Amino acid sequence: MFDIIIIGAGVIGSAIARILSKYQLNILVLEKENDVGDGASGANSGIIHSGYDPLPGTKKAYLNVLGNKLYSKICEELNVKMRTIGSLTIATTKEEVEVIHSLARRADDNSVKVKILNRDTILKLEPNITEKVLCALYAPSCGIVDPFNLTIALMENAIMNGVKLLLNQEVIDIIKKEDYFIVKTKSEIYRSKIIINASGVNCDDLNNKINHQKFTLTPRRGEYLVLDHFDNHFINHVLFSIPTAKGKGVLITPTTSNNYLIGPSSEDIDDKESKETSNEVIQEVINKAMKLLRYFPKQEVIRTFSGIRAISSNDDFIIEETSPNFINVAGISSPGLAAAPAIAQTVEKLLISKEKFIEKDYYNPYRNKQIMINELSINEKNQLFLKNHLYGKIICRCEKVTEGEIRDCLHSIIPPTTLKGVKKRIRPGAGRCLGTFCEKEVMRIIADYYQIKPHEVNYHQNGSYIILGEDHDI
(Lines of atoms letter the chains of each structure in order from A and count residues from 1; the text may use other names and numbers.)
(Lines give C-alpha, C1' and ligand atoms only; values in the text may rest on other atoms or scores of the structure.)
Protein backbone atom coordinates (compact mmCIF):
# COMPACT_ATOMS: atom_id res chain seq x y z
CA MET A 1 0.00 0.00 0.00
CA PHE A 2 1.39 3.40 -1.01
CA ASP A 3 0.55 6.68 0.69
CA ILE A 4 0.48 8.50 -2.66
CA ILE A 5 0.51 7.39 -6.29
CA ILE A 6 1.30 10.11 -8.84
CA ILE A 7 0.19 9.19 -12.35
CA GLY A 8 2.44 10.83 -14.93
CA ALA A 9 6.17 11.63 -14.91
CA GLY A 10 6.11 14.81 -16.94
CA VAL A 11 7.37 18.09 -15.52
CA ILE A 12 4.22 18.48 -13.37
CA GLY A 13 4.27 14.96 -11.92
CA SER A 14 8.03 15.20 -11.37
CA ALA A 15 7.78 18.60 -9.63
CA ILE A 16 5.03 17.25 -7.36
CA ALA A 17 7.06 14.11 -6.61
CA ARG A 18 10.08 16.21 -5.64
CA ILE A 19 8.22 18.59 -3.34
CA LEU A 20 6.41 15.71 -1.58
CA SER A 21 9.65 13.71 -1.22
CA LYS A 22 10.61 15.87 1.76
CA TYR A 23 7.90 14.15 3.81
CA GLN A 24 7.92 10.68 5.39
CA LEU A 25 5.65 9.20 2.73
CA ASN A 26 5.69 6.08 0.56
CA ILE A 27 5.30 7.62 -2.91
CA LEU A 28 5.06 5.85 -6.27
CA VAL A 29 5.12 7.52 -9.69
CA LEU A 30 3.64 5.57 -12.61
CA GLU A 31 4.58 6.55 -16.18
CA LYS A 32 3.17 4.88 -19.27
CA GLU A 33 6.20 5.60 -21.49
CA ASN A 34 9.71 4.15 -21.22
CA ASP A 35 11.16 7.48 -20.05
CA VAL A 36 10.15 10.53 -18.07
CA GLY A 37 9.16 13.78 -19.76
CA ASP A 38 8.16 11.98 -22.93
CA GLY A 39 4.97 13.94 -23.65
CA ALA A 40 4.34 17.68 -23.66
CA SER A 41 7.15 18.19 -21.13
CA GLY A 42 9.77 17.19 -23.67
CA ALA A 43 8.15 18.86 -26.69
CA ASN A 44 7.60 22.52 -25.90
CA SER A 45 9.39 25.82 -26.28
CA GLY A 46 11.24 25.65 -22.94
CA ILE A 47 10.20 29.18 -22.00
CA ILE A 48 9.75 30.35 -18.41
CA HIS A 49 7.10 32.95 -19.16
CA SER A 50 7.06 36.14 -17.11
CA GLY A 51 3.28 35.99 -16.60
CA TYR A 52 2.02 39.21 -18.18
CA ASP A 53 -0.27 37.41 -20.65
CA PRO A 54 -2.69 35.14 -18.66
CA LEU A 55 -6.07 36.58 -17.70
CA PRO A 56 -5.80 38.23 -14.25
CA GLY A 57 -7.50 36.25 -11.50
CA THR A 58 -6.98 32.86 -13.16
CA LYS A 59 -4.86 30.01 -11.82
CA LYS A 60 -2.70 30.41 -14.92
CA ALA A 61 -1.86 34.01 -14.06
CA TYR A 62 -1.15 33.47 -10.35
CA LEU A 63 0.84 30.25 -10.77
CA ASN A 64 2.80 31.52 -13.78
CA VAL A 65 4.05 34.60 -11.91
CA LEU A 66 4.86 32.61 -8.77
CA GLY A 67 6.52 29.80 -10.73
CA ASN A 68 8.74 32.27 -12.58
CA LYS A 69 10.05 33.56 -9.26
CA LEU A 70 10.81 30.04 -7.98
CA TYR A 71 12.83 28.86 -10.97
CA SER A 72 16.20 30.42 -10.24
CA LYS A 73 16.57 28.63 -6.89
CA ILE A 74 15.27 25.30 -8.22
CA CYS A 75 17.62 25.29 -11.22
CA GLU A 76 20.54 26.21 -8.97
CA GLU A 77 19.72 23.34 -6.58
CA LEU A 78 19.29 20.83 -9.39
CA ASN A 79 22.20 21.99 -11.56
CA VAL A 80 19.91 22.70 -14.51
CA LYS A 81 20.90 25.33 -17.05
CA MET A 82 18.57 28.34 -17.06
CA ARG A 83 19.05 31.73 -18.70
CA THR A 84 16.96 34.80 -17.92
CA ILE A 85 17.04 36.60 -21.28
CA GLY A 86 13.78 38.56 -21.32
CA SER A 87 11.07 38.59 -23.97
CA LEU A 88 9.85 41.03 -26.60
CA THR A 89 6.27 40.93 -27.86
CA ILE A 90 6.37 42.57 -31.28
CA ALA A 91 3.86 45.00 -32.79
CA THR A 92 4.05 45.84 -36.51
CA THR A 93 0.65 47.55 -37.05
CA LYS A 94 -1.33 50.27 -35.27
CA GLU A 95 -3.86 47.64 -34.15
CA GLU A 96 -1.08 45.56 -32.62
CA VAL A 97 0.32 48.63 -30.84
CA GLU A 98 -3.05 48.94 -29.08
CA VAL A 99 -2.79 45.29 -28.03
CA ILE A 100 0.70 45.97 -26.62
CA HIS A 101 -0.73 48.72 -24.40
CA SER A 102 -3.54 46.43 -23.21
CA LEU A 103 -0.98 43.71 -22.42
CA ALA A 104 1.02 46.25 -20.41
CA ARG A 105 -2.10 46.99 -18.35
CA ARG A 106 -2.67 43.26 -17.87
CA ALA A 107 0.96 42.87 -16.76
CA ASP A 108 0.35 45.52 -14.11
CA ASP A 109 -2.73 43.60 -12.91
CA ASN A 110 -0.59 40.44 -12.69
CA SER A 111 2.26 42.31 -10.87
CA VAL A 112 4.73 41.63 -13.69
CA LYS A 113 7.33 44.27 -14.55
CA VAL A 114 7.24 45.21 -18.22
CA LYS A 115 8.24 48.16 -20.38
CA ILE A 116 7.11 49.34 -23.81
CA LEU A 117 10.15 49.91 -26.03
CA ASN A 118 10.26 52.11 -29.12
CA ARG A 119 11.43 51.04 -32.57
CA ASP A 120 14.99 52.38 -32.33
CA THR A 121 15.65 50.68 -29.00
CA ILE A 122 14.32 47.35 -30.29
CA LEU A 123 16.47 47.43 -33.43
CA LYS A 124 19.57 47.98 -31.29
CA LEU A 125 18.64 45.01 -29.10
CA GLU A 126 17.65 42.77 -32.01
CA PRO A 127 19.42 43.68 -35.30
CA ASN A 128 17.70 40.82 -37.18
CA ILE A 129 14.16 41.80 -36.25
CA THR A 130 11.71 43.01 -38.89
CA GLU A 131 12.09 46.64 -39.96
CA LYS A 132 8.30 46.94 -39.74
CA VAL A 133 8.43 46.85 -35.92
CA LEU A 134 6.68 49.81 -34.30
CA CYS A 135 7.08 48.93 -30.63
CA ALA A 136 7.43 45.94 -28.32
CA LEU A 137 6.53 44.89 -24.81
CA TYR A 138 9.71 43.98 -22.92
CA ALA A 139 9.40 41.50 -20.03
CA PRO A 140 12.83 41.12 -18.39
CA SER A 141 11.93 38.15 -16.15
CA CYS A 142 11.28 35.74 -19.04
CA GLY A 143 13.76 32.85 -19.13
CA ILE A 144 14.64 29.67 -21.01
CA VAL A 145 15.40 26.15 -19.78
CA ASP A 146 15.80 22.67 -21.26
CA PRO A 147 12.38 21.24 -20.34
CA PHE A 148 13.38 17.58 -20.64
CA ASN A 149 16.52 17.89 -18.52
CA LEU A 150 14.54 19.91 -15.98
CA THR A 151 12.02 17.05 -15.76
CA ILE A 152 14.83 14.50 -15.43
CA ALA A 153 16.46 16.56 -12.66
CA LEU A 154 13.21 16.95 -10.70
CA MET A 155 12.49 13.22 -10.83
CA GLU A 156 16.08 12.18 -10.10
CA ASN A 157 16.06 14.36 -6.99
CA ALA A 158 12.70 12.91 -5.95
CA ILE A 159 14.15 9.39 -6.29
CA MET A 160 17.22 10.42 -4.29
CA ASN A 161 14.78 11.34 -1.53
CA GLY A 162 12.90 8.04 -1.57
CA VAL A 163 10.27 8.28 -4.33
CA LYS A 164 9.79 5.14 -6.45
CA LEU A 165 9.42 5.52 -10.24
CA LEU A 166 8.06 2.79 -12.51
CA LEU A 167 8.15 3.22 -16.30
CA ASN A 168 6.12 1.34 -18.93
CA GLN A 169 3.15 1.34 -16.54
CA GLU A 170 0.14 2.71 -18.38
CA VAL A 171 -2.83 3.07 -16.03
CA ILE A 172 -5.91 1.42 -17.57
CA ASP A 173 -8.31 1.53 -14.60
CA ILE A 174 -8.80 3.02 -11.14
CA ILE A 175 -11.24 1.56 -8.62
CA LYS A 176 -12.31 3.43 -5.47
CA LYS A 177 -12.57 1.41 -2.29
CA GLU A 178 -13.71 2.75 1.08
CA ASP A 179 -10.41 4.34 2.11
CA TYR A 180 -8.00 3.54 -0.72
CA PHE A 181 -7.71 3.18 -4.49
CA ILE A 182 -6.82 0.20 -6.66
CA VAL A 183 -4.76 1.28 -9.67
CA LYS A 184 -4.50 -1.18 -12.54
CA THR A 185 -1.86 -0.98 -15.25
CA LYS A 186 -1.44 -3.34 -18.20
CA SER A 187 0.83 -5.57 -16.11
CA GLU A 188 0.38 -4.80 -12.40
CA ILE A 189 -2.04 -3.77 -9.64
CA TYR A 190 -1.16 -1.10 -7.05
CA ARG A 191 -2.97 0.30 -4.00
CA SER A 192 -2.78 3.82 -2.62
CA LYS A 193 -4.49 6.07 -0.10
CA ILE A 194 -4.15 9.16 -2.35
CA ILE A 195 -4.08 9.55 -6.14
CA ILE A 196 -2.60 12.57 -7.93
CA ASN A 197 -3.66 12.55 -11.57
CA ALA A 198 -0.93 14.37 -13.53
CA SER A 199 -1.23 12.30 -16.70
CA GLY A 200 -1.27 15.22 -19.12
CA VAL A 201 -3.56 14.88 -22.09
CA ASN A 202 -5.02 11.70 -20.56
CA CYS A 203 -6.12 13.35 -17.30
CA ASP A 204 -9.77 13.50 -18.38
CA ASP A 205 -9.87 9.77 -19.23
CA LEU A 206 -8.56 8.79 -15.78
CA ASN A 207 -10.74 11.29 -13.93
CA ASN A 208 -13.85 10.11 -15.73
CA LYS A 209 -13.22 6.50 -14.66
CA ILE A 210 -13.58 7.40 -11.01
CA ASN A 211 -15.47 10.68 -10.60
CA HIS A 212 -19.06 11.74 -11.21
CA GLN A 213 -17.71 15.24 -11.90
CA LYS A 214 -16.39 14.73 -15.43
CA PHE A 215 -14.48 16.98 -17.83
CA THR A 216 -12.99 16.81 -21.31
CA LEU A 217 -9.60 18.01 -22.49
CA THR A 218 -8.94 19.04 -26.08
CA PRO A 219 -5.60 17.92 -27.55
CA ARG A 220 -3.90 20.84 -29.30
CA ARG A 221 -0.93 20.01 -31.52
CA GLY A 222 1.92 22.47 -31.93
CA GLU A 223 4.62 22.00 -34.59
CA TYR A 224 8.12 23.45 -34.26
CA LEU A 225 11.28 23.96 -36.29
CA VAL A 226 14.78 23.66 -34.82
CA LEU A 227 17.61 25.82 -36.18
CA ASP A 228 21.26 24.85 -35.84
CA HIS A 229 23.53 26.86 -33.51
CA PHE A 230 24.83 28.98 -36.37
CA ASP A 231 24.99 32.48 -34.85
CA ASN A 232 25.17 33.25 -31.13
CA HIS A 233 23.37 36.55 -31.61
CA PHE A 234 20.81 35.81 -34.32
CA ILE A 235 18.15 36.41 -31.65
CA ASN A 236 18.99 37.58 -28.13
CA HIS A 237 15.53 37.53 -26.50
CA VAL A 238 12.40 35.43 -26.77
CA LEU A 239 10.36 37.03 -29.57
CA PHE A 240 6.59 36.72 -29.28
CA SER A 241 3.87 37.46 -31.80
CA ILE A 242 0.72 39.20 -30.63
CA PRO A 243 -1.25 36.51 -28.70
CA THR A 244 -4.54 35.11 -29.97
CA ALA A 245 -7.37 33.02 -28.51
CA LYS A 246 -5.38 29.88 -29.40
CA GLY A 247 -2.23 30.88 -27.54
CA LYS A 248 0.80 33.10 -27.76
CA GLY A 249 1.21 32.56 -31.47
CA VAL A 250 4.42 31.71 -33.28
CA LEU A 251 7.51 32.61 -31.28
CA ILE A 252 11.25 32.54 -31.86
CA THR A 253 13.54 31.70 -28.98
CA PRO A 254 17.14 30.79 -28.29
CA THR A 255 17.63 27.52 -26.38
CA THR A 256 20.05 26.62 -23.60
CA SER A 257 21.91 24.43 -26.12
CA ASN A 258 22.48 27.48 -28.38
CA ASN A 259 20.00 26.39 -31.03
CA TYR A 260 16.93 28.39 -32.02
CA LEU A 261 13.35 27.20 -31.83
CA ILE A 262 10.48 28.49 -33.97
CA GLY A 263 6.81 27.65 -33.44
CA PRO A 264 4.36 26.40 -32.43
CA SER A 265 1.42 25.99 -34.72
CA SER A 266 -1.95 25.55 -33.00
CA GLU A 267 -4.30 22.84 -34.22
CA ASP A 268 -7.07 21.16 -32.21
CA ILE A 269 -7.11 17.44 -33.03
CA ASP A 270 -8.97 14.30 -31.95
CA ASP A 271 -6.07 11.87 -31.63
CA LYS A 272 -4.12 12.40 -28.38
CA GLU A 273 -1.13 10.49 -29.74
CA SER A 274 -0.85 12.24 -33.13
CA LYS A 275 2.58 13.91 -33.12
CA GLU A 276 3.42 14.04 -36.81
CA THR A 277 4.40 17.22 -38.62
CA SER A 278 3.27 18.36 -42.07
CA ASN A 279 4.98 20.48 -44.71
CA GLU A 280 1.89 22.66 -45.00
CA VAL A 281 1.74 23.52 -41.30
CA ILE A 282 5.51 24.00 -41.05
CA GLN A 283 5.35 26.45 -43.96
CA GLU A 284 2.61 28.36 -42.10
CA VAL A 285 4.90 28.56 -39.06
CA ILE A 286 7.73 29.88 -41.27
CA ASN A 287 5.43 32.47 -42.84
CA LYS A 288 4.38 33.74 -39.40
CA ALA A 289 7.97 33.77 -38.17
CA MET A 290 8.99 35.86 -41.18
CA LYS A 291 6.68 38.61 -39.87
CA LEU A 292 9.01 38.92 -36.86
CA LEU A 293 12.33 38.70 -38.69
CA ARG A 294 14.29 40.67 -41.26
CA TYR A 295 15.19 37.39 -42.97
CA PHE A 296 14.56 33.71 -42.34
CA PRO A 297 17.62 31.38 -42.41
CA LYS A 298 15.98 28.37 -44.07
CA GLN A 299 19.37 26.72 -44.60
CA GLU A 300 19.77 26.44 -40.81
CA VAL A 301 16.61 24.36 -40.21
CA ILE A 302 17.80 20.91 -39.08
CA ARG A 303 14.60 19.24 -37.89
CA THR A 304 10.92 19.61 -37.03
CA PHE A 305 8.83 18.10 -34.23
CA SER A 306 5.44 18.46 -32.59
CA GLY A 307 3.95 18.27 -29.10
CA ILE A 308 0.44 17.88 -27.74
CA ARG A 309 -0.85 20.22 -25.06
CA ALA A 310 -4.09 19.62 -23.13
CA ILE A 311 -6.64 22.44 -23.24
CA SER A 312 -9.44 22.60 -20.67
CA SER A 313 -12.89 23.92 -21.60
CA ASN A 314 -12.42 27.11 -19.54
CA ASP A 315 -8.79 27.48 -20.74
CA ASP A 316 -7.47 27.43 -17.18
CA PHE A 317 -5.58 24.93 -15.05
CA ILE A 318 -7.62 22.32 -13.17
CA ILE A 319 -6.03 21.72 -9.76
CA GLU A 320 -8.57 20.33 -7.34
CA GLU A 321 -9.66 17.41 -5.21
CA THR A 322 -12.66 16.25 -7.23
CA SER A 323 -13.44 13.41 -4.82
CA PRO A 324 -11.90 12.47 -1.46
CA ASN A 325 -8.15 11.84 -1.88
CA PHE A 326 -8.28 12.05 -5.68
CA ILE A 327 -6.52 15.18 -6.96
CA ASN A 328 -6.59 16.28 -10.56
CA VAL A 329 -3.77 18.37 -12.00
CA ALA A 330 -5.12 18.77 -15.51
CA GLY A 331 -5.35 21.12 -18.48
CA ILE A 332 -1.78 22.27 -17.85
CA SER A 333 -1.14 23.97 -21.18
CA SER A 334 1.11 27.01 -21.64
CA PRO A 335 2.40 28.49 -19.34
CA GLY A 336 2.46 25.09 -17.60
CA LEU A 337 6.25 24.74 -17.67
CA ALA A 338 6.70 28.16 -16.07
CA ALA A 339 4.02 27.38 -13.48
CA ALA A 340 5.27 23.86 -12.61
CA PRO A 341 7.05 24.70 -9.31
CA ALA A 342 4.05 26.74 -8.14
CA ILE A 343 1.62 23.99 -9.19
CA ALA A 344 3.64 21.55 -7.07
CA GLN A 345 3.40 23.94 -4.12
CA THR A 346 -0.35 24.21 -4.63
CA VAL A 347 -0.77 20.42 -4.51
CA GLU A 348 1.46 20.25 -1.42
CA LYS A 349 -0.66 22.87 0.39
CA LEU A 350 -3.87 21.10 -0.61
CA LEU A 351 -2.61 17.84 0.90
CA ILE A 352 -1.14 19.24 4.12
CA SER A 353 -4.36 21.18 4.74
CA LYS A 354 -6.11 17.83 5.27
CA GLU A 355 -3.28 15.44 6.23
CA LYS A 356 -0.53 15.73 8.83
CA PHE A 357 2.72 14.90 7.06
CA ILE A 358 6.01 14.65 8.94
CA GLU A 359 9.07 16.18 7.27
CA LYS A 360 12.25 14.12 6.88
CA ASP A 361 15.42 15.10 8.71
CA TYR A 362 17.53 13.94 5.76
CA TYR A 363 15.83 15.61 2.77
CA ASN A 364 18.41 16.70 0.17
CA PRO A 365 17.26 19.25 -2.44
CA TYR A 366 20.55 19.16 -4.37
CA ARG A 367 21.61 17.17 -7.43
CA ASN A 368 25.14 16.82 -8.77
CA LYS A 369 25.91 18.14 -12.21
CA GLN A 370 26.79 15.66 -14.94
CA ILE A 371 30.13 16.13 -16.70
CA MET A 372 29.72 18.04 -19.98
CA ILE A 373 33.01 18.02 -21.88
CA ASN A 374 31.91 20.86 -24.15
CA GLU A 375 31.65 23.20 -21.16
CA LEU A 376 35.08 22.45 -19.63
CA SER A 377 38.37 24.30 -19.94
CA ILE A 378 41.35 22.65 -21.65
CA ASN A 379 42.90 22.02 -18.23
CA GLU A 380 39.75 20.34 -16.89
CA LYS A 381 39.46 18.21 -20.04
CA ASN A 382 43.06 17.03 -19.75
CA GLN A 383 42.56 16.00 -16.13
CA LEU A 384 39.50 13.94 -17.12
CA PHE A 385 41.32 12.28 -20.05
CA LEU A 386 44.05 11.12 -17.67
CA LYS A 387 41.46 9.51 -15.37
CA ASN A 388 39.38 7.95 -18.16
CA HIS A 389 40.39 7.93 -21.82
CA LEU A 390 36.72 7.56 -22.88
CA TYR A 391 36.22 11.26 -22.10
CA GLY A 392 38.59 11.89 -24.99
CA LYS A 393 36.74 9.72 -27.49
CA ILE A 394 34.30 11.90 -29.47
CA ILE A 395 31.18 10.01 -30.55
CA CYS A 396 29.00 12.89 -31.76
CA ARG A 397 31.01 15.37 -33.84
CA CYS A 398 28.21 17.94 -34.17
CA GLU A 399 27.59 18.30 -30.43
CA LYS A 400 31.05 17.18 -29.21
CA VAL A 401 29.74 14.35 -27.01
CA THR A 402 32.17 11.70 -25.78
CA GLU A 403 31.77 8.02 -24.96
CA GLY A 404 32.57 8.81 -21.32
CA GLU A 405 29.57 11.14 -21.12
CA ILE A 406 27.29 8.58 -22.74
CA ARG A 407 28.36 5.89 -20.28
CA ASP A 408 27.84 8.32 -17.37
CA CYS A 409 24.36 8.99 -18.72
CA LEU A 410 23.59 5.26 -18.87
CA HIS A 411 24.75 4.93 -15.26
CA SER A 412 22.50 7.75 -13.98
CA ILE A 413 19.59 7.53 -11.51
CA ILE A 414 17.06 7.29 -14.37
CA PRO A 415 19.13 5.57 -17.07
CA PRO A 416 17.90 5.88 -20.66
CA THR A 417 17.33 2.64 -22.56
CA THR A 418 16.84 4.16 -26.01
CA LEU A 419 18.76 6.26 -28.55
CA LYS A 420 16.33 9.14 -28.07
CA GLY A 421 16.67 8.92 -24.29
CA VAL A 422 20.43 9.42 -24.57
CA LYS A 423 19.94 12.14 -27.18
CA LYS A 424 17.54 14.12 -24.98
CA ARG A 425 19.89 14.01 -22.01
CA ILE A 426 23.28 14.81 -23.56
CA ARG A 427 22.53 15.52 -27.27
CA PRO A 428 24.35 12.94 -29.45
CA GLY A 429 22.36 13.01 -32.70
CA ALA A 430 20.85 16.44 -32.00
CA GLY A 431 23.18 18.27 -34.39
CA ARG A 432 23.04 19.04 -38.09
CA CYS A 433 23.75 15.47 -39.27
CA LEU A 434 20.90 14.11 -37.07
CA GLY A 435 22.91 11.09 -36.00
CA THR A 436 24.16 10.04 -39.45
CA PHE A 437 27.68 9.56 -38.09
CA CYS A 438 27.13 8.87 -34.39
CA GLU A 439 23.88 6.87 -34.16
CA LYS A 440 25.50 3.50 -34.79
CA GLU A 441 28.17 4.23 -32.18
CA VAL A 442 25.60 5.28 -29.57
CA MET A 443 23.67 2.10 -30.38
CA ARG A 444 26.83 0.07 -29.84
CA ILE A 445 27.47 1.70 -26.45
CA ILE A 446 23.86 1.15 -25.30
CA ALA A 447 23.96 -2.50 -26.43
CA ASP A 448 27.27 -3.05 -24.66
CA TYR A 449 26.03 -1.41 -21.44
CA TYR A 450 22.82 -3.46 -21.26
CA GLN A 451 24.45 -6.61 -22.67
CA ILE A 452 22.00 -6.89 -25.57
CA LYS A 453 22.34 -7.07 -29.35
CA PRO A 454 22.43 -3.78 -31.34
CA HIS A 455 19.22 -4.76 -33.15
CA GLU A 456 17.49 -4.94 -29.74
CA VAL A 457 18.14 -1.24 -29.07
CA ASN A 458 15.04 0.95 -29.56
CA TYR A 459 15.16 4.39 -31.09
CA HIS A 460 12.32 5.73 -28.92
CA GLN A 461 9.23 3.76 -27.98
CA ASN A 462 9.28 0.03 -27.38
CA GLY A 463 9.51 -1.78 -30.73
CA SER A 464 11.06 1.17 -32.62
CA TYR A 465 14.14 -0.74 -33.77
CA ILE A 466 16.74 0.78 -36.10
CA ILE A 467 18.28 -2.55 -37.17
CA LEU A 468 15.96 -5.35 -38.29
CA GLY A 469 18.22 -8.13 -37.00
CA GLU A 470 21.54 -9.83 -37.48
CA ASP A 471 22.62 -10.86 -40.97
CA HIS A 472 21.53 -14.46 -40.57
CA ASP A 473 18.07 -13.38 -39.36
CA ILE A 474 17.25 -11.24 -42.41
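Using this note's numbering, read the sequence shown as starting at 0 and increasing by one per residue.
Even for Gly, the Cβ is constructed at its ideal location relative to N, Cα and C.
From a predicted model like this one, the values you see are computed outputs, not experimental measurements.
Count the C-beta pairs between the region 120 to 135 and the region 93 to 106 that are closer than 8 Å, then say yes if the count reaches three, no if not. Per the Cβ contact rule, the region 120 to 135 is in contact with the region 93 to 106 (3 or more Cβ pairs under 8 Å).
Out of curiosity, what's the CA-to-CA distance linking ILE151 and LYS213? 31 Å
What do you reckon, are the CB atoms on ILE413 and LEU164 nearer than 9 Å? yes
LYS175 bridges to which residues according to DSSP? PHE180
What residue does the alpha helix (DSSP H) around MET159 start on, and which one ends it? 146 to 159
Starting from ILE444, follow the alpha helix (DSSP H) in both directions and report where the run begins and ends. 438 to 449
Boundaries (first-last residue) of the beta strand (DSSP E) holding PHE325: 325 to 329
Opposing strand residues paired with GLU358 [DSSP bridges]: TYR22
Can you tell me the Cα-Cα spacing of GLU272 and ILE11, whole angstroms? 19 Å
Between the alpha carbons of ILE193 and HIS228, how many angstroms are there, rounded? 45 Å
Could you check how far apart the C-beta atoms of LEU224 and GLY248 are, in whole angstroms? I think they sit under 8 Å. Between GLY248 and LEU224 the Cβ distance is about 15 Å, and since that is not below 8 Å, they are no contact.
Pull the bridge partners of GLY12 from the DSSP assignment, please. Per DSSP, none; premise fails for GLY12.
Note down, in chain order, each residue of its chain lying with its Cβ closer than 7 Å to the Cβ of THR217, except the 5 sequence neighbours on either side. ASP267 and ILE310
C-beta atoms of ILE6 and ALA157 nearer than 9 Å: no
How should ILE473 be labelled, buried or exposed, when 16 other C-beta atoms within 10 angstroms of its C-beta is the threshold for buried? The pLDDT assigned to ILE473 is 46, lower than 50, so where the model puts this residue is not dependable, and the model offers no usable value.
Identify, in the order they occur along the chain, each residue of the same chain with its Cβ nearer than 6 Å to the Cβ of ARG17, setting aside the five sequence neighbours on each side. LEU153, ASN156 and ALA157
If we call anything under 9 Å between Cβ atoms a contact, is GLY38 one with GLY142? No, the pair does not count as a contact, with Cβ atoms beyond the cut-off.
Could you pull the DSSP bridge partners for SER305 from this structure? Partner(s): GLU222.
Unbroken alpha helix (DSSP H) runs of length 4 or more, entirely within the region 190 to 245: which are they? 202 to 209
Taking DSSP's pairing of strands, which residues face LEU87 in a bridge? TYR137 and LEU238
What does the Cβ neighbour count give for GLN168, buried or exposed, with the cut at 16 atoms within 10 Å? buried
Taking the Cβ atom as the reference point for each residue, do ILE377 and TYR390 lie within a distance shorter than 9 Å? no
Whole angstroms are fine: how far does the CA of THR417 sit from the CA of PRO427? 12 Å
Which same chain residues, not among the five before or five after PRO476, have their C-beta less than 7 Å away from its C-beta? Since the first residue shown for the chain is 0 and the last is 473, residue 476 is missing from the structure and cannot be characterised.
Helix, strand or coil for ARG82, going by three-state DSSP, please let me know. strand
Starting from TYR259 and walking both ways along the beta strand (DSSP E), at which residues does that stretch end? 259 to 262
Mind checking if LYS386 is an interface residue toward chain B, Cβ cutoff 9 Å exclusive? This model lacks chain B altogether, as it is built from one protein chain only.
Please confirm whether TYR259 and ILE234 have their CB atoms less than 9 Å apart. If you check the CB distance, TYR259 and ILE234 come in under 9 Å.
Local conformation of SER322 per DSSP, three classes: strand
Where SER101 falls, given that 16 or more other Cβ within 10 Å makes a residue buried: exposed
Put PRO415 into one of helix, strand or coil per three-state DSSP. Per DSSP, reduced to three states, the secondary structure at PRO415 is coil, with no helix or strand assignment.
Option in LEU349, ARG424, GLU358 and THR303 with minimal Cα separation from VAL79: ARG424
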